[in-house]
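Q: First to last, the protein sequences are chains A and B.
Per the numbering used here, residue 1 is the first one in the first sequence, and the count goes up by one each step.
Per the numbering used here, residue 1001 is the first one in the second sequence, and the count goes up by one each step.
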Amino acid sequence: MLLNSFVLGASNGFNGGDILFQLAMFIILLTLIKKFAWGPLMGIMTQREEHIANEITAAEDSRVEAKKLLEEQKALLKDARTEAQAMIESAKKQGEIQRDEIIAASRAESDRMKESAKLEIEQQKEQAVTAIREQVASLSVLVASKVIEKELSSADQEKLINEYIQEAGEKR
Amino acid sequence: MDHGAPLVDFMGLTFNLSNILMITVASAIVFLIAVISTRRLAMKPTGMQNFFEWIMDFVRNIINSNMAWKDGGRFHVLGITLIMYVFVSNMLGLPFAITYDHTLWWKSPTADPIVTLTLAAMVVGLSHYYGIRVKGLKEYGKDFFRPMSFLFPLKIIEEFANTLTLGLRLYGNIFAGEILLTLLAGSLAKGFAGTLVAVIPTLAWLGFSLFIGAIQAFIFCMLTMVYMSHKVSHDH
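As structure tokens, then:
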């Protein structure tokens, strides 16, 4: 009896009804699962896939934008640095030029002052010599006229005076 | 297993009421799992939704390992339903078997060759249907003479062999498991000493049957997709 039931189909005979019922149930189950579970779940999975894809695209976009901004900032910083460098350079150059100018100007000024001082000294000297010469001349004339009351030719007088003046000029 | 089956004749067809009950129960359980899993759908999956998405991905991987998704995507629902239905059916007979008035009512529906062969025949029939639909009748017919025309008889035999092996493999595994469980629990566990002896092998066999049930569900789904891909794919 136990062995009997091992043989395929021997225990039950041919159950055509079971076949039909199994087929019908399976098809119904398939339809129901497709309608109630697979469809909605597939929808949400597709939705999620799209969402993730969108997020990835957005993340990539913002990454690119951040990179662009970074590059921009770097370029700006570089520009600013170069500009500052240039400004320092030009300021240095200008300072040097100014220094040279000032030095040159002061040198010229000092030269000019020296020259004018020399000139003035020379003039003063000239004046002094002239004055002394005049005084010496008038003094000599006075002394001569006072000492030598005697007649003296005007030519001798002139000669005498000139000799004195010459001596005075040489002794100086 | 020496219990009778509740047979009823109706409109010239024989119905095994036990099978009908168990098929209904298994289908209902699968449907409930599916509906409960997908009742609150969210972009961030939680709990049962995760579980069901895992099943979907699992079946999707099975299909992808056999054919391109553009060919195999249409079998996704079929695969999900098959793997869940077969798994639940395999599990149903494990905790207990109910006999009432010397008739066996509660068992795995897959422990009956009629049920498994019906599923197998349906799968093979569907593979032929989709073969014709996807490749056209001419290409489908030519496939029987590839790679060599003298293999044609073998190709014909293959179709029937596929059906038989697909159904009987599942049936044999589950039926054998249930017989051994019945023998262990029903025949050996008589009296205190017998029960004591029976506990350990029964537990071991229960665990093994769980494993077998899961593996067989996977194999059934896998082979379904293999047969489908043979008929549908252009390059096999």
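For glycine and all other residues, C-beta sits at the position ideal for the given N, C-alpha and C.
If you're wondering where the values come from, they're calculated on a predicted model, not measured in any experiment.
1) Counting contacts by CB-CB distance shorter than 8 Å, is residue 1056 of chain B in contact with chain A?
2) Determine the burial state of residue 28 of chain A: buried for a count of at least 16 other Cβ atoms within 10 Å of its Cβ, exposed for fewer.
3) Are at least three pairs of beta-carbons, each pair with one atom in the region 1051-1069 of chain B and one in the region 1217-1234 of chain B, less than 8 Å apart?
4) Under 8 Å, do residue 1023 of chain B and residue 14 of chain A count as touching if we go by C-beta distance?
5) Run through the DSSP bridge pairs and tell me what residue 1098 of chain B is partnered with.
6) Mind checking residue 1162 of chain B: buried by the 16 CB within 10 Å criterion, or exposed?
7) Closer than 8 Å, Cβ to Cβ, to anything on chain B: give me those residues from the region 13-26 of chain A, in chain order.
8) Using the beta-carbon of each residue, which ones in chain B are nearer than 7 Å to residue 37 of chain A?
9) Measure the alpha-carbon distance for residue 76 of chain A versus residue 1071 of chain B and round it to whole angstroms.
10) Alpha carbon to alpha carbon, how far is residue 1015 of chain B from residue 1009 of chain B? Give it in angstroms, no decimals.
11) Is there a C-beta anywhere in chain A that falls below 8 Å from the one on residue 1227 of chain B?
12) Let me know the beta strand (DSSP E) ranges lying completely inside the region 1013-1076 of chain B, each 3 residues or longer, listed in chain order.
13) Residue range of the beta strand (DSSP E) that residue 1009 of chain B falls in?
14) Give the DSSP-derived three-state secondary structure of residue 112 of chain A in the structure shown.
15) Return no unless some Cβ of chain B is closer than 8 Å to the Cβ of residue 44 of chain A.
16) Terminal residues of the continuous alpha helix (DSSP H) containing residue 1128 of chain B?
17) Comparing the C-beta of residue 56 of chain A with each C-beta of chain B, is any distance below 8 Å?
18) Do three or more CB pairs link the region 1169-1188 of chain B to the region 1136-1151 of chain B at distances below 8 Å?
19) Round the Cβ separation of residue 1183 of chain B and residue 1209 of chain B to the nearest angstrom and send it over; I've been treating them as touching at under 8 Å.
20) Is residue 1236 of chain B helix, strand or coil when you go by DSSP?
21) Can you list the residues of chain A that residue 1130 of chain B reaches, using a CB-CB cut of under 8 Å?
22) Does any residue of chain B have a CB that is nearer than 8 Å to the CB of residue 10 of chain A?
23) Please report the distance separating the alpha-carbon of residue 35 of chain A from that of residue 1077 of chain B.
24) Under three-state DSSP, which class holds residue 1148 of chain B?
25) Could you tell me whether the Cβ atoms of residue 1233 of chain B and residue 1067 of chain B are closer together than 8 Å?
A: Walking through what the data contain:
1) Position 56 of the second sequence, counting from 1, holds the residue named residue 1056 of chain B. For residue 1056 of chain B, the answer is yes, since a Cβ of chain A falls inside 8 Å of its Cβ.
2) Counting from 1 along the first sequence, the entry for residue 28 of chain A is found at position 28. With a threshold of 16 other beta carbon atoms within 10 Å, residue 28 of chain A falls short and is exposed.
3) yes
4) For the purposes of this step, residue 1023 of chain B is taken as the residue at position 23 of the second sequence. For the purposes of this step, residue 14 of chain A is taken as the residue at position 14 of the first sequence. Cβ atoms of residue 1023 of chain B and residue 14 of chain A: not closer than 8 Å.
5) On the second sequence, residue 1098 of chain B is found 98 positions in, with the first residue counted as 1. In DSSP, residue 1098 of chain B forms a bridge with B:1106.
6) Sequence index remark: in the second sequence, residue 1162 of chain B carries index 162 (1-based). When all chains shown are included, residue 1162 of chain B counts as buried.
7) 13, 14, 15, 16, 17, 18, 19, 20, 21, 22, 23, 25 and 26
8) Taking the first residue of the first sequence as 1, we reach residue 37 of chain A at position 37. The CB of residue 37 of chain A comes closer than 7 Å to the CB of 1034, 1035, 1037, 1038 and 1052 in chain B, given here in chain order.
9) For the purposes of this step, residue 76 of chain A is taken as residue 76 along the first sequence, with counting starting at 1. For the purposes of this step, residue 1071 of chain B is taken as residue 71 along the second sequence, with counting starting at 1. Distance between the alpha carbons of residue 76 of chain A and residue 1071 of chain B: 56 Å.
10) In the second sequence, counting from the first residue as 1, residue 1009 of chain B sits at position 9. In the second sequence, counting from the first residue as 1, residue 1015 of chain B sits at position 15. Taking the straight line from one Cα to the other gives about 6 Å.
11) Locating residue 1227 of chain B in the second sequence gives position 227, where the first residue counts as 1. Taking 8 Å as the CB threshold, residue 1227 of chain B stays off the interface with chain A.
12) 1013-1016
13) Taking the first residue of the second sequence as 1, we reach residue 1009 of chain B at position 9. Element bounds for residue 1009 of chain B: 1007-1010.
14) As a working mapping, residue 112 of chain A is identified with position 112 in the first sequence. Here residue 112 of chain A sits in helix by DSSP.
15) Stepping through the first sequence from its first residue, residue 44 of chain A is reached at position 44. So, interface residue.
16) On the second sequence, position 128 is the one that residue 1128 of chain B refers to. Note, residue 1128 of chain B: alpha helix (DSSP H), 1113-1142.
17) Counting from one through the first sequence, the residue named residue 56 of chain A turns up at place 56. Not closer than 8 Å to any Cβ of chain B, the Cβ of residue 56 of chain A fails to qualify, so no.
18) As far as the Cβ criterion goes, the region 1169-1188 of chain B does not touch the region 1136-1151 of chain B, which means the pair count is below three.
19) Sequence index remark: in the second sequence, residue 1183 of chain B carries index 183 (1-based). Sequence index remark: in the second sequence, residue 1209 of chain B carries index 209 (1-based). Between residue 1209 of chain B and residue 1183 of chain B the Cβ distance is about 13 Å, and since that is not below 8 Å, they are no contact.
20) Position 236 of the second sequence, counted from the start, is the residue given in the question as residue 1236 of chain B. In this prediction, residue 1236 of chain B has a pLDDT of 47, which is less than 50 and means its spatial position is unreliable; nothing more can be read from the coordinates.
21) In the second sequence, the residue the question calls residue 1130 of chain B occupies position 130. Near residue 1130 of chain B there are no residues of chain A at all, since even the closest Cβ is about 14 Å away, more than 8 Å.
22) Counted from its first residue, the first sequence places residue 10 of chain A at position 10. Unreliable positioning characterises residue 10 of chain A in this predicted model, as indicated by a pLDDT of 41, which lies under 50. The coordinate reading is nonetheless provided below. Not one chain B Cβ lies under 8 Å of residue 10 of chain A.
23) Numbered from 1 along the first sequence, position 35 holds the residue referred to as residue 35 of chain A. Numbered from 1 along the second sequence, position 77 holds the residue referred to as residue 1077 of chain B. The straight-line gap from Cα to Cα measures roughly 10 Å.
24) The sequence position of residue 1148 of chain B within the second sequence is 148, counting from 1. In the structure shown, residue 1148 of chain B sits in coil (DSSP, three-state: anything other than H, G, I, E or B).
25) Reading the second sequence from its first residue, position 233 is the one you call residue 1233 of chain B. Reading the second sequence from its first residue, position 67 is the one you call residue 1067 of chain B. In this structure, the beta-carbon distance from residue 1233 of chain B to residue 1067 of chain B falls below 8 Å.
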